[in-house]
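Take a look at the structure below.
In the numbering used here, the protein residues as written are 428 to 531.
So this is what it looks like as structure tokens:
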């Protein structure tokens, strides 16, 4: 009987692991550490154009849009949220995570 291994990673995960191994490419510059709401709208338009990404939009009471961005359809889920509206660095970190997951 042949040994069969199971993996939690999708096909092509070695590419992701290689990118993760290059930490210098993951460290953002100072200008990338903050994202304004208007910049967020622009970034979401890019992710919405990718086949592997689904974007749902919800209108806040104050008129701004809240985005729910889903990457892939696998059984493992990860929830990433920006905890406070006045913390733009968390939004930039979310984009970095989306870049890794979407292969950007």
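In this text, a Cβ means the ideal position worked out from N, Cα and C, and glycines have one as well.
Excluding the 5 residues flanking it on each side, residue 523 has no same chain C-beta neighbour closer than 6 Å.
For the 8 Å CB-CB criterion, residue 480 and residue 521 do not form a contact. In the DSSP assignment, residue 471 falls within the unbroken alpha helix (DSSP H) covering 464–475. Classified as buried, residue 467 has 16 or more neighbouring CB atoms from the shown chains inside 10 Å of its CB. Contact between residue 496 and residue 527 does not hold, since the beta-carbon distance rounds to 13 Å and is not under 8 Å.
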